[in-house]
Amino acid sequence: DAGVIQSPRHEVTEMGQEVTLRCKPISGHNSLFWYRQTMMRGLELLIYFNNNVPIDDSGMPEDRFSAKMPNASFSTLKIQPSEPRDSAVYFCASSGPELGRSPLHFGNGTRLTVT
Amino acid sequence: RKEVEQDPGPFNVPEGATVAFNCTYSNSASQSFFWYRQDCRKEPKLLMSVYSSGNEDGRFTAQLNRASQYISLLIRDSKLSDSATYLCVVNSAGGSYIPTFGRGTSLIVHP
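Here the protein sequences line up with chains G and E, keeping their order. Per the numbering used here, the first sequence starts with residue -14, numbered consecutively. Per the numbering used here, the second sequence starts with residue 13, numbered consecutively.
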């Protein structure tokens, strides 16, 4: 079975550029989560969707970050404009079917470096 | 008080040792709990769920203490390959279910 698929695996960009991270959840999972991991702050939940609807985006750091889930098999996390402090590993995870009880399955992550 | 707290370690143990980690949580209404393992520069992977009655999977035992609001992970007969960071996850309840991760406990198993 294919797991959660994220792209790109690595992204290096200059400050001010737009960055788009992509995620394909496991088929049949109805919840999708975007996390950011840094040494300083650990794993932080940015936003999560249930049945393609954003449920909680309180973790999104600021207006430069936006996320969409146009259908059950695809989500994007966009940073515009990017800043050096956005450098981190961004993980997408999916779960289902019991929201709050089913474990998360993570993608390989996107390692973002903003110079 | 942080929602989910773990001792960062590192726990440095010899092969064959038994080691235990605790994870405390602040939301008494939390409903589900998990342990994840994360290797360096890799994604977190589910190790095991934690059930109210406690559960075992080979060398690994997980327990939940609701009264004191902590979960534990016991690893028996440690192997070199157990070296990793162990993350606890607590699903808070009440409106929206938010899986909250601890910062992780680093385990180093040496020969």
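For glycine and all other residues, C-beta sits at the position ideal for the given N, C-alpha and C.
> Hey, out of E:Arg53, E:Glu15, E:Ser118, whose CA is closest to Leu30 (chain G)'s CA?
Replying inline: Walking along the first sequence from the start, residue 30 (chain G) turns up at place 45. Among E:Arg53, E:Glu15, E:Ser118, the Cα nearest to that of Leu30 (chain G) belongs to E:Glu15.
>> Using the three-state DSSP reduction, which class does Leu6 (chain G) fall into: helix, strand or coil?
In response: Locating residue 6 (chain G) in the first sequence gives position 21, counting from the first residue. Note: Leu6 (chain G) maps to strand in three-state DSSP.
>> Residues in the same chain with beta-carbon distance under 7 Å from Asp69 (chain E), minus the five sequence neighbours each way, listed in chain order, please.
In response: By one-based count along the second sequence, residue 69 (chain E) stands at place 57. Contacts found: Met60.
>> Buried or exposed, going by whether 16 or more other CB atoms sit within 10 Å of the CB of Ser64 (chain E)?
In response: Within the second sequence, the letter at position 52 stands for residue 64 (chain E). Ser64 (chain E) comes out exposed.
> Should Glu(-4) (chain G) and Gln65 (chain G) be called a contact, given that it needs their Cβ atoms to be closer than 8 Å?
Replying inline: For the purposes of this step, residue -4 (chain G) is identified with residue 11 of the first sequence, where counting begins at 1. For the purposes of this step, residue 65 (chain G) is identified with residue 80 of the first sequence, where counting begins at 1. It is not a contact, given that the beta carbons lie outside the stated cut-off.
> Can you tell me the Cα-Cα spacing of Ala73 (chain G) and Thr(-2) (chain G), whole angstroms?
Replying inline: For this step, residue 73 (chain G) is matched to residue 88 along the first sequence. For this step, residue -2 (chain G) is matched to residue 13 along the first sequence. Near 12 Å, if we compare the C-alpha coordinates of Thr(-2) (chain G) and Ala73 (chain G).
>> Taking the beta strand (DSSP E) that Ser38 (chain E) belongs to, which residues open and close that run?
In response: For this step, residue 38 (chain E) is matched to residue 26 along the second sequence. Looking at the DSSP string, Ser38 (chain E) is not in any beta strand (DSSP E), and its letter there is neither H nor E.
>> For a cutoff of 8 Å on Cβ pairs, would you count Arg(-6) (chain G) as touching chain E?
In response: Here residue -6 (chain G) is taken as the residue at index 9 of the first sequence, counted from 1. Cβ-Cβ to chain E under 8 Å: no for Arg(-6) (chain G).
> With a CB to CB cut of under 7 Å and the five nearest residues on each side skipped, what residues in its chain are close to Ser80 (chain G)?
Replying inline: Taking the first residue of the first sequence as 1, we reach residue 80 (chain G) at position 95. Answer for Ser80 (chain G): His14, Ser16, Ser87, Pro88, Leu89, His90, listed in chain order.
>> Residues of chain G with CB closer than 8 Å to the CB of Asn103 (chain E), please, in chain order.
In response: Translated into positions along the second sequence, residue 103 (chain E) becomes position 91. By Cβ distance, chain G contributes Gly85, Arg86.
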